[in-house]
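Residue numbers (my numbering), protein chains in the order written: chain A, 2 to 423; chain B, 2 to 423. Glycine is no exception: its CB is placed at the ideal position from the N, C-alpha and C atoms. Please read the structure below before turning to the comments.
Number of protein chains: 2
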Amino acid sequence: MLFSEFFAPTSKDIPSDAKIASHQLMLRAGMISQAASGIYYWLPLAVRVLEKIMKIICEEQDKIGANKVYFTTIQPAELWMESGRYDDYGKEMLRITDRKDGKFLYSPTNEEQATDVFRKYVKSYKGLPTMLYQIHWKFRDEIRPRFGVMRGREFLMKDGYSFASTFEEAEEIYKKVFKSYIRTFKRMGLTPIPVQADSGAIGGNMSHEFQILAQTGESTLYYDKKLLTASDEELMNIFAVTDEKYDPKTSPIPKNELMVSKGIEVGHIFYFGKKYSEPMNAFVLDKNGQKLYPEMGSYGIGVSRLIAAIIEAFHDERGIMWPEHVAPFDVTVLNLHTSNKDCVEICNKIYRALSESKEVLYDDREMSIGEKLGDADLIGIPWQIIVGEKNLSQGFVELKNRKTKEIIKLSVDEVIGRFIGK
Amino acid sequence: MLFSEFFAPTSKDIPSDAKIASHQLMLRAGMISQAASGIYYWLPLAVRVLEKIMKIICEEQDKIGANKVYFTTIQPAELWMESGRYDDYGKEMLRITDRKDGKFLYSPTNEEQATDVFRKYVKSYKGLPTMLYQIHWKFRDEIRPRFGVMRGREFLMKDGYSFASTFEEAEEIYKKVFKSYIRTFKRMGLTPIPVQADSGAIGGNMSHEFQILAQTGESTLYYDKKLLTASDEELMNIFAVTDEKYDPKTSPIPKNELMVSKGIEVGHIFYFGKKYSEPMNAFVLDKNGQKLYPEMGSYGIGVSRLIAAIIEAFHDERGIMWPEHVAPFDVTVLNLHTSNKDCVEICNKIYRALSESKEVLYDDREMSIGEKLGDADLIGIPWQIIVGEKNLSQGFVELKNRKTKEIIKLSVDEVIGRFIGK
């Protein structure tokens with residue numbers, strides 16, 4: 002991708018209304034732009050990151066046999082009257098009337114629709130267990146949207162719903178999703194802390210939040226330091242709670258083994274039994290022809306919020322430092338002297354060679370060296386190949402690691418070999 | 002993918018409220034399910050086709066340098082007041098009031114938002130030309146939603162917006178998109194007929210519709226038979242109109258060279274000049290520091306509608322016949338005797354071998370041979386590998402081409418070689 006043709010309107014100005022680093026950096030890197038309070042346009046750099054995140058999520062969902070669907074953004078109020086949540090949900094639900102005076106709403110979550118799909122099609126215990134998921138847009142009419150896409154009104158979420166014959170089967174699925182979420186977040190370069198949670202408005206009686214460690218997080222986490230080194234299998238049983246649930250008097254963890262960190266919630270899983278299947282009359286027939294109401298769970302990942310959370314976890318004073326697997330590009334080539342024939346020729350050579358197997362952003366724009374280096378650090382692509390006339394006249398280019406800031410000098414063939422060999 | 006774990010609830014019943022083949026077949030194949038009038042759940046088989054279609058569209062958009070973004074589904078009414086369309090749009094616009102009594106709407110199209118993004122970031126003629134596009138959900142509150150996803154209320158659309166310095170540049174972009182759309186539809190196995198169009202409610206003065214030939218189409222097309230054989234370069238200049246614009250008295254095409262066919266509109270492109278840039282005050286400074294209002298165009302593809310259109314174009318009395326590049330799977334393996342050890346072993350062998358490079362649906366369900374063969378023809382995966390105990394005892398399996406219905410007998414190694422060699 003040539004930067005001159007890429008719509009990434011970077012800016013040096015720190016937006017005054019943006020209070021946290023991710024919000025500032027997403028605005029400055031030209032990733033998002035406010036369309037209305039809590040509603041954002043997603044510009045190309047952000048779209049590329051969203052797609053990386055979605056790909057990881059879908060691959061991991063696939064591995065646990067979840068079936069990908071799209072529920073709808075506009076759903077009939079009737080379904081929520083059946084579940085009993087229509088009146089309870091309050092003003093965060095965006096309620097809509099269509100041209101025929103029908104009552105609708107913009108999905109804040111989709112338990113009712115998942116249950117609706119299930120009851121339409123699954124009639125026998127042989128159809129259990131099953132799991133449906135989607136990655137789709139949702140809307141919650143927050144009274145005070147803030148922190149950019151961290152707490153927006155229109156947001157992208159992965160939400161999954163499971164249906165099981167028994168509590169034991171439901172618990173097994175819950176544990177499978179738990180482990181899958183750990184893998185999902187780790188693949189994004191994150192350190193997820195699963196904390197025992199109350200299930201809040203969605204209801205239920207087994208629930209974990211997945212928190213990402215970040216100094217600017219809204220939650221305070223108290224957890225056993227074993228959590229940072231334990232294998233995925235053990236994580237569910239290690240002590241971790243948010244401040245609301247932490248009581249030093251009853252804490253099972255001695256002080257010298259207790260970690261206290263700030264965190265950002267990026268996922269939440271629930272087991273809630275027959276909370277929806279019973280009132281919505283979603284049942285199958287069991288082996289004996291008797292009605293069986295499935296035990297359900299729901300599993301969410303805040304996809305758009307994840308971008309902000311990743312930036313909160315990985316940035317410095319100069320900009321974003323994307324972990325490898327969610328970076329918008331693998332590597333960027335910076336031509337510091339676009340009017341120098343040799344620089345152009347070498348940049349083209351490197352760009353063409355690397356593009357065969359890597360995603361490359363080639364900064365071919367005519368602007369000052371300082372602006373170009375600044376933009377590269379701001380945007381945060383993991384590797385920068387810096388081509389300037391002085392170094393080039395001595396036969397080399399620079400390779401900079403955005404995170405460690407280490408710069409090494411390499412010949413053109415060496416730098417190509419570094420990436421093509423990978 | 003094992004069919005036993007895949008959520009594709011097929012049915013033999015012909016739904017009485019579904020009037021056209023694609024609607025019937027999508028319901029029967031378990032691809033969609035109605036959530037409310039004109040609003041559909043998309044089930045896994047349909048999601049796979051949607052994703053194939055989106056991938057082709059994105060690849061072709063990429064080739065012409067369009068930048069992928071997400072505008073928003075909920076947008077502020079203010080923008081539409083600026084453009085002057087808020088009052089004109091009528092009842093098809095889903096108007097929404099948020100908790101703070103702010104006026105919003107569910108995007109029926111995004112010209113205003115594209116213009117808004119442009120004016121925020123592009124300040125100089127050097128930023129021209131540029132093109133933004135998205136694939137996103139839209140809502141039009143049709144008075145009479147019908148034909149399933151063919152004319153739904155909530156639908157998925159690709160919409161692109163271009164900004165140019167001059168009419169000539171705008172025309173050049175228009176022609177580039179025109180050719181790109183032809184390639185896009187051809188990659189989906191379709192024969193697109195570009196017809197000269199009035200630009201309707203969106204306004205403007207250069208416009209083409211892209212129609213897909215299908216007997217059940219809503220439009221009648223009159224076109225020069227050269228259209229079916231001409232190269233992509235020539236298509237724009239060959240006569241083609243819908244019945245509304247056809248007048249036999251003024252037709253430039255002699256009767257023996259005129260084709261008359263039914264068509265389904267799947268794409269629409271517009272040039273509309275400064276219709277939005279001027280009222281919305283979206284300008285850049287030209288070389289002389291003077292205000293320059295860009296010449297705009299918009300370019301749409303009905304993504305969800307395309308699925309229905311493809312089915313209308315490719316089906317028979319038994320079911321769907323997917324063109325290769327948009328098929329939900331490349332090949333399906335049918336185990337006709339799931340209790341026969343040899344059948345299971347051979348099916349597993351074929352499934353594992355083919356899965357290395359193909360997308361395979363392995364029908365491992367316990368059900369009658371007739372149901373299994375019926376489902377395979379209904380779902381319409383291009384190739385069926387049929388494994389039954391009688392054939393297998395003689396050392397072969399059957400390979401069926403869904404479209405031609407040709408069945409050939411092959412050894413297991415031969416059938417694997419057919420797909421792995423490809």
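(message) For E296 of chain A, which residues in the same chain have their Cβ closer than 6 Å to its Cβ, ignoring the five residues on either side in sequence?
(response) A165, F168, A171 and G274
(request) Consider the Cβ of G66 of chain A: report whether some Cβ of chain B lies at a distance smaller than 8 Å. (result) yes
(message) Can you pull the chain B neighbours of P329 of chain A, defined as C-beta to C-beta under 9 Å?
(response) Within 9 Å Cβ-Cβ: nothing; P329 of chain A doesn't reach chain B, min ~11 Å.
(message) Can you confirm whether F140 of chain A, when its beta carbon is compared against all beta carbons of chain B, has any partner nearer than 8 Å?
(response) yes
(request) With a floor of 3 residues, list each beta strand (DSSP E) that falls wholly inside the region 228 to 294 of chain A, ordered by position along the chain. (result) 241 to 243 and 259 to 274
(message) What residue range does the alpha helix (DSSP H) around Y126 of chain A cover?
(response) Counting along the chain, Y126 of chain A falls outside any alpha helix (DSSP H), and DSSP gives it neither H nor E.
(message) What would DSSP say about D378 of chain B, mapped onto helix, strand or coil?
(response) Assignment of D378 of chain B by DSSP, reduced to helix, strand and coil, places it in the helix class.
(message) Can you pull the chain B neighbours of K92 of chain A, defined as C-beta to C-beta under 8 Å?
(response) R100
(request) List the whole-angstrom C-beta distance separating Q114 of chain A from Q76 of chain A, where the pair is believed to meet the contact cut-off of C-beta under 8 Å. (result) 6 Å
(request) Give me the Cα-Cα distance between N282 of chain A and K246 of chain A, rounded to the nearest whole angstrom. (result) 35 Å
(request) For the beta strand (DSSP E) containing K159 of chain A, list its first residue and its last residue. (result) Looking at the DSSP string, the run of the beta strand (DSSP E) that includes K159 of chain A is E155 to A165.
(message) Assuming Q135 of chain A and F72 of chain A are in contact, meaning their beta carbons sit under 8 Å apart, how far apart are those beta carbons, in whole angstroms?
(response) 6 Å between Cβ atoms; contact.
(message) Comparing C-alpha positions only, which one of B:L259, B:P255, B:D233 and B:T405 sits nearest to T243 of chain B?
(response) Nearest of B:L259, B:P255, B:D233 and B:T405 to T243 of chain B, Cα basis: B:L259.
(message) Am I right that I408 of chain A and E415 of chain A are in contact with their C-beta atoms under 8 Å? What's the rounded C-beta distance?
(response) Not a contact, Cβ separation roughly 14 Å.
(message) Between the alpha carbons of L175 of chain B and R306 of chain B, how many angstroms are there, rounded?
(response) Correcting the residue identity first, residue 175 of chain B is Tyr in this sequence and not Leu. Near 23 Å, if we compare the C-alpha coordinates of R306 of chain B and Y175 of chain B.
(message) Within the continuous beta strand (DSSP E) that includes K139 of chain B, where are the two ends?
(response) T131 to F140
(message) For Q197 of chain B, list the residues DSSP reports as bridge partners.
(response) B:H209
(message) Looking at the secondary structure, which residues open and close the alpha helix (DSSP H) in which R86 of chain A lies?
(response) Premise fails: R86 of chain A is in no alpha helix (DSSP H) and is neither H nor E.
(message) Could you compute how far the alpha carbon of G103 of chain A sits from the alpha carbon of A231 of chain A?
(response) Computed Cα separation, rounded: 52 Å.
(request) Please report how far the alpha carbon of M132 of chain A lies from the alpha carbon of I254 of chain A, in whole angstroms. (result) 36 Å
(message) Given a cut-off of 8 Å on the beta-carbon distance, is the pair I144 of chain A and R100 of chain B in contact?
(response) yes
(message) Quick check: what's the CA-CA separation for E83 of chain B versus L46 of chain A?
(response) 28 Å
(request) Can you grab the Cα-Cα spacing for the pair E210 of chain A / I57 of chain A, in whole Å? (result) 19 Å
(message) For W43 of chain B, which residues in the same chain have their Cβ closer than 7 Å to its Cβ, ignoring the five residues on either side in sequence?
(response) I33 and L51
(request) Indicate whether at least one CB of chain B lies closer than 8 Å to the CB of A309 of chain A. (result) no
(message) Can you look up S1 of chain A in the DSSP assignment and give me helix, strand or coil?
(response) A query on residue 1 of chain A cannot be resolved here, the shown segment of chain A reaching from 2 to 423 and no further.
(request) Mind listing the chain B neighbours of Y71 of chain A? Cutoff is C-beta to C-beta under 9 Å, in chain order. (result) Y41, Y42, W43, L44, A47, V48, L51, W138 and L157
(request) Out of A:G381, A:E390 and A:F397, state which residue places its alpha-carbon closest to the alpha-carbon of K404 of chain A. (result) A:G381
(message) In this structure, how does DSSP classify E6 of chain A when only helix, strand and coil are distinguished?
(response) helix
(request) Tell me whether the beta-carbon of I417 of chain A lies closer than 8 Å to the beta-carbon of V388 of chain A. (result) no
(message) Short of 6 Å in beta carbon distance, which residues of its chain neighbour K177 of chain A, apart from the five on each side in sequence? Order them along the chain.
(response) I65
(message) Just to make sure I have the definition right: I need the residues of chain D whose C-beta is within less than 7 Å of the C-beta of Y224 of chain A. Which are they?
(response) The structure shown contains no chain D; the protein chains it does contain are A and B.
(request) Specify whether the region 183 to 198 of chain A and the region 220 to 227 of chain A touch according to this definition: at least 3 beta carbon pairs, one from each stretch, less than 8 Å apart. (result) yes
(message) Contact criterion: CB-CB distance below 8 Å. Does P10 of chain A meet it with respect to chain B?
(response) At least one chain B Cβ lies under 8 Å of P10 of chain A.
(request) Go to A37 of chain B, then tell me how far its beta strand (DSSP E) extends in each direction, as first and last residue. (result) I33 to A37
(message) Just verifying my parser: in three-state terms, what is the DSSP assignment at P77 of chain A?
(response) Correct three-state label for P77 of chain A: strand.
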